[in-house]
């Protein structure tokens, strides 16, 4: 079994399927991302390689599925671009004996970082920039939804930053390990439950294991993810974690309760969320405090159907498969902010 | 004629009125109909699959915590990264790390505040939330060192809620006018039993957000504290309409409806909750048993109480388990499955195991029918008082104790207070009616009150009996007869009361015949002779009071009435006989008062 350090020693400097691995960028639970160079084109890319321990069926299928979904999303401007997804073998020596190891990889667009990099010094990121980046993420999820894909694990760490010639930086949605293709049946029962991502940002129906497998339910989970992302950009911390004061005991207990047929009335969590939103109110600029606060509250309602936009008196639902309505709301927020900043300058 | 003091069995399962915390920590566990998918998902996560999943997830959370820690350590001045580390560490089960990080967040905010630098207050929220789960008093000290902004004061109030310190919480919330502040202030005022002030705050909170279910539930408690039971029920129903899955509120509604004898509505709500396929906790089973008891279906009640006691034990609710078990034995006693001595012994055993249980002492008081039991009941009662039980919940026991100690005027006053506090409780109303009438001998006034109570409450055998007795002697005997007639088959006491009503209307033959039938039934059910003696005494005193016998030839009347009996040997230990002796002395009647 290779350790992280051993794995890095094996890979750095090696060529995998025509990509020379230069340095380690970071790692998740089951994969490590390296900076690499495409030998033929001379282009710098990110190579996401499945860790050697990741032969577990779930992990393997999650990694493969991410490749398939990214390939299906080819051309989506606000989703990280996939150039290649394949397997190759690398050779290395242990005590003088040559060994070969199979590696699975995705070759991806090389990012400058992720949204989470800004959280350590939030005041340095202007609110206008935050809203622009958040809108990019909405656009990415919108593009995914239009192609029948849901993300289900949105958080600042999973939104990468790229250079943009027009506005210096742009955010793109990445890390589709828990994403689902709604046009295909679930791969196996329990897949829904397994792929719930980071609980600090997960919607409560994932934490308490009681969402449903409908397309609308998955899209509602993404609405929560986008609301939680704006909360994170405003406060720096995880909404779910704060609202539910989650620790390991609690999320494990929720799974045990699920196995014992016990479920939680999600509407009973409204009070918990109301208190967490107080932290948001303190963090929003005055000009957009009300509309942005209301929007996050709507997107992050514990009961999934309540997150949808109003379609009439007393009814909520999707007007279309995409998120045009949310993009429009983000535009309105930005316009309010721009006008307010202009007014401030004039006065 | 004999009255039942209060309901013997129906009053058990007393549960201390709960206050809905404005900050409930545990969402209500319940079962909802599962989709096919959920069932498949569950099967796939059972057994090994579940442990494998949890192990995988644990590994992920640890990787996340490692990353968050590295980021926080790389930027030691960032309270946000420290807060993110605290959240990630808690998620990974590294509680000590999470607490250290939370302390670090508050220290950073304190330092930055001293230096006049801006801070992100959400980080403070995270830190306090994590620290509150473990060490609230230290959290308070740390919060004291921060600039006392509105938010910091609110966080102090939340810690005060954890410490159940309403005074501290209210002090922290002075001048705060947000929805959350009003709601929390209402909660603290409820804890202080300042219902009118609590209601004012809760109304303000409701104005900010009419859909806040906790505020509605707390308003229901405030209304209940103010004696506005209809409004209290309406608030609960409004809360349920907004959150139909909130089982805790449904249970509260069922409990209040059952207490008010609105059994049909209570049963409907039970059915609705059961349709949600809910895991039935002990308390829910106990409520269902209480409904069956009120409906007189003791067998079903006994079965449910047995199940509830066992469920309470498995839930780790030891005191509730003991209370339910004692309740079940009392029900079995009423079903003749268990002798009285064994039932009493079980209640005593329960009190030994849970000496501060109000419900058990209430049961003991309900079974205490002789003055010889006073000292045991007094000891148990004093212990419960010392444990800090609310005076309001102890009123029925206090009234019973005064009654057993032959302090009848005090008993009547306490029963009156009990009935005012519980306007929908038929046992409270029935007891207050009877004791007030006997002690004050204001039969006409008592009859007016009886009519009011009968208009407000659905009738039960106990209430109908006492109301009819008072009405018969208060000048409305015809109405008394219609009130008690439906219950004659149920109880020989009711049959005797109908006899009294008939006599009071002047129908001596029919009335005395009913008395004789009732006396025969009493002899079969009570071999001690106490019931027959009481019946004879009541009959004689009623005739004296109504002055009816004078209109009939003496020998004829005597041939119709219950024959004179000598008092049982232990009559001095029977408080009801003592009460009649006390009344006889007041009226200068001979003792024992007989028709002759």
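Chains as they are written, first to last, in our numbering: chain G, 14 to 360; chain L, 7 to 602.
Every residue gets a Cβ at the ideal spot worked out from N, C-alpha and C, and that includes glycine.
Asked, Found
"When the Cα atoms are used, what is the spatial distance from residue 490 of chain L to residue 444 of chain L?", "19 Å"
"Is the CB of residue 280 of chain G under 8 Å away from at least one CB in chain L?", "yes"
"Please report the residue range of the alpha helix (DSSP H) in which residue 226 of chain L lies.", "219-231"
"Any beta-carbon of chain A closer than 8 Å to the one on residue 124 of chain G?", "Here the protein chains are G and L, and chain A is not one of them."
"Helix, strand or coil for residue 318 of chain G per DSSP?", "helix"
"Check the Cβ-Cβ distances between residue 116 of chain G and every residue of chain L, and say whether any is below 8 Å.", "no"
"Where does residue 111 of chain G fall in DSSP's three states?", "strand"
"Taking all protein chains shown into account, do 16 or more other C-beta atoms lie within 10 angstroms of the C-beta of residue 446 of chain L, making it buried, or fewer, making it exposed?", "exposed"
"Going by alpha carbons, who is nearest to residue 46 of chain G out of G/36, G/280, G/229 and G/217?", "G/36"
"Would you kindly report the start and end of the unbroken beta strand (DSSP E) that includes residue 554 of chain L?", "Unbroken run through residue 554 of chain L: none, as it is neither H nor E."
"Of all Cβ atoms in chain G, is any one closer than 8 Å to the Cβ of residue 220 of chain L?", "yes"
"With DSSP as the reference, label residue 35 of chain G as helix, strand or coil.", "strand"
"Can the beta-carbon of residue 6 of chain L be found less than 8 Å from the beta-carbon of residue 329 of chain L?", "Nothing about residue 6 of chain L can be reported from this structure: the residues present for chain L run from 7 to 602 only."
"Within 8 Å of any Cβ in chain G, is that where the Cβ of residue 70 of chain L sits?", "yes"
"Might you give, ordered along the chain, the residues of its own chain that have their beta carbon closer than 8 Å to the beta carbon of residue 124 of chain G, omitting 5 neighbours on each side?", "59, 93, 173, 174, 175, 185 and 187"
"With a threshold of 8 Å between beta-carbons, can residue 254 of chain G be considered close to chain L, or not?", "yes"
"Residue 323 of chain L to residue 594 of chain L, Cα distance in whole Å?", "55 Å"
"Residue 586 of chain L and residue 520 of chain L - do their beta-carbons sit closer together than 8 Å?", "no"
"Apart from the five residues on each side of it in sequence, which residues of its chain come closer than 8 Å, Cβ to Cβ, to residue 408 of chain L?", "414, 416, 417 and 420"
"Classify residue 69 of chain L as helix, strand or coil using the three-state DSSP reduction.", "helix"
"Rounded to a whole number of angstroms, what is the C-alpha to C-alpha distance between residue 154 of chain G and residue 325 of chain L?", "53 Å"
"Going along the chain, which residues of its own chain have a beta-carbon closer than 6 Å to the beta-carbon of residue 478 of chain L, five neighbours each way excluded?", "486, 506, 507 and 510"
"Nearest by alpha-carbon distance to residue 497 of chain L: which of L/337, L/483, L/249 and L/472 is it?", "L/472"
"Residue 449 of chain L: buried (16+ other C-beta within 10 angstroms of its C-beta) or exposed?", "buried"
"Can you tell me the Cα-Cα spacing of residue 170 of chain L and residue 241 of chain G, whole angstroms?", "32 Å"
"With a threshold of 8 Å between beta-carbons, can residue 256 of chain L be considered close to chain G, or not?", "no"
"Where residue 101 of chain L and residue 393 of chain L are concerned, what is the direct C-alpha to C-alpha distance, given to the nearest angstrom?", "35 Å"
"Please name the residue, chosen from L/71, L/107 and L/68, that lies closest to residue 83 of chain L on a Cα-to-Cα basis.", "L/107"
"Any Cβ of chain L within less than 8 Å of the Cβ of residue 187 of chain G?", "no"
"Checking 8 Å against the spacing of the C-beta atoms, do residue 64 of chain G and residue 43 of chain G come in under that value?", "yes"
"Using only the alpha-carbon positions, how far apart do residue 249 of chain L and residue 163 of chain L sit?", "26 Å"
"Of the choices G/251, G/330, G/138 and G/247, whose alpha-carbon is the least far from that of residue 230 of chain G?", "G/330"
"Buried or exposed for residue 230 of chain L, going by 16 or more other Cβ atoms inside 10 Å?", "buried"
"Taking a Cβ distance cut-off of 9 Å, strictly less, list which residues of the region 99-111 of chain L are near chain G, in chain order.", "99, 100, 101 and 104"
"Enumerate in chain order the residues of its own chain whose CB-to-CB distance from residue 14 of chain L is below 8 Å, with the five nearest sequence positions on each side excluded.", "Confidence is the limiting factor: at residue 14 of chain L the pLDDT is only 26, short of 50, which leaves the residue's position unreliable, though a coordinate-based value still follows. Only 336, 340, 372 and 373 meet the Cβ criterion."
"May I ask which residues mark the beginning and end of the beta strand (DSSP E) holding residue 179 of chain G?", "Here residue 179 of chain G belongs to no beta strand (DSSP E), and DSSP marks it neither H nor E."
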